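Down below is the structure, laid out as structure tokens.
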Amino acid sequence: SPGGITTFYSPNNIPAPNGTIVSFQFSGFPGNHTVTQSTFASPCEPAAGGFDSGWVFVNSSQKTPPTWNLTITNDRAPIWFFCKQLKGPNNKTHCNLEMTGVINVQAANKSFASFQAAASVASTVGVSTQRTIINLCDELIRCL
Numbered sequence: 788s789p790g791g792i793t794t795f796y797s798p799n800n801i802p803a804p805n806g807t808i809v810s811f812q813f814s815g816f817p818g819n820h821t822v823t824q825s826t827f828a829s830p831c832e833p834a835a836g837g838f839d840s841g842w843v844f845v846n847s848s849q850k851t852p853p854t855w856n857l858t859i860t861n862d863r864a865p866i867w868f869f870c871k872q873l874k875g876p877n878n879k880t881h882c883n884l885e886m887t888g889v890i891n892v893q894a895a896n897k898s899f900a901s902f903q904a905a906a907s908v909a910s911t912v913g914v915s916t917q918r919t920i921i922n923l924c925d926e927l928i929r930c931l
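Here you go:
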């Protein structure tokens, strides 16, 4: 991967019937990643009401990779996901670097390749659920 930083899920296109536990194992240090649900239309933005693993840090001394599990309860609906890490090589986010995936892709017109292509050029990574430091500073200045 670019710059030696792990910025992909493998596999990234997962078929999983109901009851399957999809286990995400985080490796590649140093690393701070998430598994965050998104939508096909907005591949790099957290889905309203969707899941988020929270930040998972990987360091060099870990013998067993940290894991996060997701149990599939509706295998007829695709589950789109991405990493919301903003710092990646070449001023790109991990989502822009194709750290994206899908569980149970359904329709040919909403393919994983199309989702990944949209993610590579997305400019609004993660903004729907968190304020940026710059915006927070602007808010504080207005309050003073």
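Here my numbering is used: the sequence shown runs in plain steps of one and ends on residue 931.
Think of the CB as a built atom: it goes at the ideal place given N, C-alpha and C, for glycine as much as any other residue.
Predicted model, so just to flag it, every value in this text is computed and none were measured.
In whole angstroms, what separates the C-alpha of residue 854 from that of residue 895?
Residue numbering aside, residue 854 sits at position 67 when the sequence shown is read from its first letter. Residue numbering aside, residue 895 sits at position 108 when the sequence shown is read from its first letter. So the two alpha carbons sit approximately 31 angstroms from each other.
How should residue 844 be labelled, buried or exposed, when 16 other C-beta atoms within 10 angstroms of its C-beta is the threshold for buried?
As a position in the sequence shown, residue 844 is number 57, starting the count at 1. Exposed, by the Cβ-count rule.
Tell me, please, which residues DSSP counts as bridged to residue 867.
By 1-based counting over the sequence shown, the position of residue 867 is 80. 825, 889.
Is any non-hydrogen atom of the ligand NAD found closer than 7 angstroms to the C-beta of residue 827, if you look at the structure I gave you?
This structure simply doesn't include the ligand NAD, nor any ligand for that matter.
Just how far apart, CA to CA, sit residue 857 and residue 866?
Locating residue 857 in the sequence shown gives position 70, where the first residue counts as 1. Locating residue 866 in the sequence shown gives position 79, where the first residue counts as 1. Near 11 angstroms, if we compare the C-alpha coordinates of residue 866 and residue 857.
If you follow the beta strand (DSSP E) that residue 812 is in, where does it begin and where does it stop?
To locate residue 812, count along the sequence shown from 1; it is residue 25. 808–812 is the extent of the beta strand (DSSP E) around residue 812.
For residue 846, count neighbouring C-beta atoms within 10 Å of its own C-beta (all shown protein chains included) and say buried if the count is 16 or more, exposed if not.
Against the sequence shown, residue 846 aligns to sequence position 59. The residue is exposed, with fewer than 16 neighbouring Cβ atoms inside 10 Å.
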